[in-house]
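Structure, as structure tokens:
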Amino acid sequence: MSRLPVLDTDRPPQASAVKIARDKPDLLLTERHDLCPGCGEPLAMRVLLEAIEELDASRMAIGVVGIGCYTAFSPTMDVDSIQALHGRAPSVATGAKRMRPESLVFTLQGDGDMVNEGLQEVIHTAARGESVTCVLLNNGVFGETGGHMTATTVLGQRTKNSLDGRDAAYHGHPILIGDLLAQLGGTAYAARGAVDDAAGVARAKRMLRRAFQTQLRGEGFSFVEILTMCPTGWFIPTPDGPGYLDEVMGTVHVTGELKAGGKLTTTAELIARRGGREAPTA
Amino acid sequence: MRAIESRGTVTIAKQLCKGCELCIPACPPRVLEMSEAHNEQGFPYPELRPGCTGCGACLLVCPDFCFEVFLYREPVAHEVAP
Ligand SMILES: Cc1ncc(C[n+]2csc(CCOP(=O)(O)OP(=O)(O)O)c2C)c(N)n1
Ligand code: SF4
Ligand code: SF4
Ligand code: SF4
Ligand SMILES: [Mg+2]
Numbered sequence: 123m124s125r126l127p128v129l130d131t132d133r134p135p136q137a138s139a140v141k142i143a144r145d146k147p148d149l150l151l152t153e154r155h156d157l158c159p160g161c162g163e164p165l166a167m168r169v170l171l172e173a174i175e176e177l178d179a180s181r182m183a184i185g186v187v188g189i190g191c192y193t194a195f196s197p198t199m200d201v202d203s204i205q206a207l208h209g210r211a212p213s214v215a216t217g218a219k220r221m222r223p224e225s226l227v228f229t230l231q232g233d234g235d236m237v238n239e240g241l242q243e244v245i246h247t248a249a250r251g252e253s254v255t256c257v258l259l260n261n262g263v264f265g266e267t268g269g270h271m272t273a274t275t276v277l278g279q280r281t282k283n284s285l286d287g288r289d290a291a292y293h294g295h296p297i298l299i300g301d302l303l304a305q306l307g308g309t310a311y312a313a314r315g316a317v318d319d320a321a322g323v324a325r326a327k328r329m330l331r332r333a334f335q336t337q338l339r340g341e342g343f344s345f346v347e348i349l350t351m352c353p354t355g356w357f358i359p360t361p362d363g364p365g366y367l368d369e370v371m372g373t374v375h376v377t378g379e380l381k382a383g384g385k386l387t388t389t390a391e392l393i394a395r396r397g398g399r400e401a402p403t404a
Numbered sequence: 005m006r007a008i009e010s011r012g013t014v015t016i017a018k019q020l021c022k023g024c025e026l027c028i029p030a031c032p033p034r035v036l037e038m039s040e041a042h043n044e045q046g047f048p049y050p051e052l053r054p055g056c057t058g059c060g061a062c063l064l065v066c067p068d069f070c071f072e073v074f075l076y077r078e079p080v081a082h083e084v085a086p
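As you go down the protein sequences, you meet chains B and Z in turn.
Per this note's numbering, the very first residue in the first sequence carries number 123; after that it's consecutive.
Per this note's numbering, the very first residue in the second sequence carries number 5; after that it's consecutive.
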């Protein structure tokens, strides 16, 4: 391999070619950001903003942003946004949507934000069937404040305050938030994706598009969870992030659609169906 | 000499790269390799060798928006040492 020449990638190709993919979504004002090397959150941001662009919904979109590393994108995403207090984004989104029913309202939250700090907010929002889309970037840690255990940290997972791994007897069990929300009558769509490989990133975009379409059709609450790498909080080298996500988080928070077209599928059923490993379906 | 064909190519904004290496295994034909050199931020960055298919996988997994992807209208042949 290394005997092959290095090609010029500093400028567009000289030979006749078509550009088939842009570096960043148009709705992101700059490709620069200060998130860590190997972080999964920018990958989720890409597909979130591209899904809005593809639905031609940028002028009607209102993002309600929680508190976590992803908050760094609120100044650079070209979408109207509201900063919520930690965990409260679903309630703020409820207010925005009720006052502006013609808009596309989504939240952007982390596991610490949604499942720890503000668990009741998202549950009541789903149960009421509010016509909003809640988006969860789940990395199993309070990333921004240093990699501490959250309510979604899986058993055995090493975090700053579970150095020997999360222990059910001492720390309690993880919450599968997707299942909790999917079973509620007000929830019309719920899905769990992951950005650990290119196919997963593309699939997460399809899930986001379906969730937004659910909202635009007025069918009720929609929810998309996206598992994201946090090599800094997981204390692992960046190249190990996707594998760690797949093997440690992804075998518990298994990816797939949890509610779609009125059909409920539990995570346990996804695990049974796939022999514990996910296979792309969406 | 023998020739290797590229059906596509990429641009790499190497100054944006944070050296995470996520693009390296994501590339199906494995035509990306990390550089020996470091960018202005102090990180090594990917370099492209012949054989790109223009699949776009590198772009989808890059957290720092370094890639753009192009498909050649006609495949481009690179002469390489045998
Ligand atoms: C009311 C309140 N409590 C605590 C904090 C401190 N805080 C800021 S970010 C954060 C963690 C967020 O974790 P998560 O939502 O999982 O996002 P991540 O950084 O992992 O992406 C915490 C606890 C705060 N800003 N406000
Ligand atoms: S701490 Fe984790 S979630 Fe936050 S920017 Fe770094 S890798 Fe991403
Ligand atoms: S477009 Fe596909 S083949 Fe070309 S460098 Fe990127 S991942 Fe590799
Ligand atoms: S994925 Fe992006 S940031 Fe990471 S090494 Fe490749 S080009 Fe650099
Ligand atoms: Mg988190």
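From the three backbone atoms N, C-alpha and C, an ideal C-beta is built for every residue, glycine too.
None of the values given here were measured: they were computed from a predicted structure.
Put simply, the CB of B/ILE358 is far from chain Z, with every gap to its CB atoms at 7 angstroms or more. Assignment of B/GLY294 by DSSP, reduced to helix, strand and coil, places it in the coil class. The beta carbon of B/ASP301 sits closer than 6 angstroms to those of THR388 and THR389, all from its chain and outside the five residues before and after it, given in chain order.
With respect to Z/TYR76, B/ALA326 sits apart: the two C-beta atoms are not nearer than 7 angstroms. Taking the beta carbon of Z/GLU51 as reference, the chain B residues within 7 angstroms of it are VAL128, listed in sequence order. For Z/PRO33, not one C-beta of chain B is nearer than 7 angstroms to its own C-beta.
Boundaries of the beta strand (DSSP E) harbouring Z/THR15: 6–16, taken from the DSSP string. Its Cα nearest to that of Z/ARG34, the residue Z/ALA61 stands out among Z/ALA61, Z/GLU40, Z/CYS70 and Z/GLU78. Here B/CYS256 really is in contact with B/PRO212; their C-beta atoms are around 6 angstroms apart, less than 8 angstroms. The three-state secondary structure of B/ILE358, taken from DSSP, is coil.
Bridge partners of Z/LEU36 according to DSSP: Z/LEU52. Relative to ligand 4, the beta carbon of B/ASP145 is positioned no closer than 6 angstroms to any heavy atom. In the DSSP assignment, B/ARG331 falls within the alpha helix (DSSP H) that extends over 320–338. A straight line joining the alpha-carbon of B/ALA316 with that of B/HIS208 spans about 23 angstroms.
In the three-state reduction of the DSSP assignment, B/HIS208 falls in the coil class. Its chain contains PHE71, GLU72 and PHE74 as the residues whose beta carbon lies nearer than 8 angstroms to that of Z/THR15, once the 5 sequence neighbours on both sides are disregarded; these appear in chain order.
Residue environment analysis places Z/ALA85 among the exposed positions, since fewer than 16 neighbouring C-beta atoms fall within 10 angstroms of its C-beta. Taking C-alpha positions only, Z/PRO79 is separated from B/TYR192 by approximately 40 angstroms.
Residue environment: B/THR267 is assigned as exposed (fewer than 16 neighbouring CB atoms within 10 Å of its CB, all protein chains considered). With its beta carbon at least 7 angstroms from every one in chain Z, B/GLY308 lies outside the interface.
Inside the region 360–395 of chain B, DSSP marks whole alpha helix (DSSP H) runs of 4 or more residues at positions 363–366 and 389–395, from first to last along the chain. The set of residues with CB atoms less than 7 angstroms from any heavy atom of ligand 5 reads, in chain order, B/GLY190, B/GLY232, B/ASP233, B/GLY234, B/LEU259, B/ASN260, B/ASN261, B/GLY262, B/VAL263, B/PHE264, B/GLY265, B/THR272 and B/CYS352.
Selection B/SER344, B/ILE348 and B/GLU391 evaluated against B/SER253 yields B/SER344 as nearest (Cα-Cα).
Spanning the alpha carbons of B/ILE297 and B/VAL128 requires a straight line of approximately 48 angstroms.
Considering only B/LEU349, B/THR247 and B/GLU341, the residue with the shortest C-alpha distance to B/VAL276 is B/LEU349. Each of Z/GLU44, Z/ALA7, Z/PRO32 and Z/ILE28 was checked against the Cα of Z/GLU51, and the nearest Cα belongs to Z/ILE28.
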